[in-house]
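Below is one structure, written out as C-alpha cells, with a few remarks after it.
Take a look at the structure:
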C-alpha cells in the first residue's frame, strides 16, 4: 500500500487536474473498475493490448458487464479491421491504459511509446482510466526520465 504522504500528495495533485486516485488490490481491480464504469453510466470501453493489461485479463472480466468492450484486432486481420477498431475507440465512453510512470509532484503520466494504440485510447474517449502499480509512482518528472534512461528507453 502506498504510504500516506505519497498517496495524499498524488491525490491532491490529481484532484487539481479534475482526476481521481483509487488504490485497490489487484484482486479487487476488475470489480472496482466495473463499479466505477457503471457508477458513471459508462457502457463502453476501449482497451489496448498492453502486456500489463492483458495479464490482468480485463477484456474477459468486462465481457457481459459492460455493453461494449473494444480491443485491438489481431495485426494479421489487416488494415480494414484496424480502421474499424480505431473508429470504434472514438465512440466509447472510456479508454483504459497503463503507463510507464506517474510523477507524484505533477500527476504527469509517462506513456509507453512502444504502443501506438495507447495514445489513441488515452485521448479519443472522453474518459481516460490509467492502471498503475505503486512502484510506477515516482517523486518527480526528473525521476521518471532518469528511470527511463536507466532502462535504456529515453523516448
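Numbering (our numbering), first residue to last: 413 to 567. Yeah, the Cβ is synthetic: ideal placement off N, Cα and C, and Gly gets one too. None of these values were measured; they are calculated from a predicted model.
CA nearest to the CA of residue i, picked from the options
i: residue 555; options: 515, 521, 546; result: 515
i: residue 564; options: 534, 526, 471; result: 526
i: residue 432; options: 417, 448, 502; result: 448
i: residue 520; options: 548, 562, 501; result: 548
Beta-carbon proximity check, residue i vs residue j, cutoff 8 Å
i: residue 537; j: residue 458; result: yes
i: residue 468; j: residue 441; result: yes
i: residue 552; j: residue 425; result: no
i: residue 497; j: residue 487; result: no
i: residue 482; j: residue 450; result: no
i: residue 512; j: residue 522; result: yes
Supposed close pair residue i, residue j - CB separation, criterion 8 Å
i: residue 446; j: residue 465; result: At roughly 15 Å, the Cβ-Cβ gap does not stay under 8 Å, so residue 446 and residue 465 are not in contact.
i: residue 524; j: residue 462; result: 7 Å
i: residue 504; j: residue 480; result: 7 Å
i: residue 501; j: residue 533; result: 6 Å
Residue span of the beta strand (DSSP E) that contains residue i, given as start and end
i: residue 507; result: 506-510
i: residue 542; result: 539-543
i: residue 514; result: 513-515
Boundaries of the alpha helix (DSSP H) in which residue i is found, first to last residue
i: residue 445; result: 438-451
Below-8 Å beta-carbon distance, residue i vs any chain B residue
i: residue 415; result: Absent here is chain B; the protein component of the structure consists of one chain.
Taking three-plus beta-carbon pairs below 8 Å as touching, is the stretch 538-551 in contact with the stretch 501-509? These segments touch.
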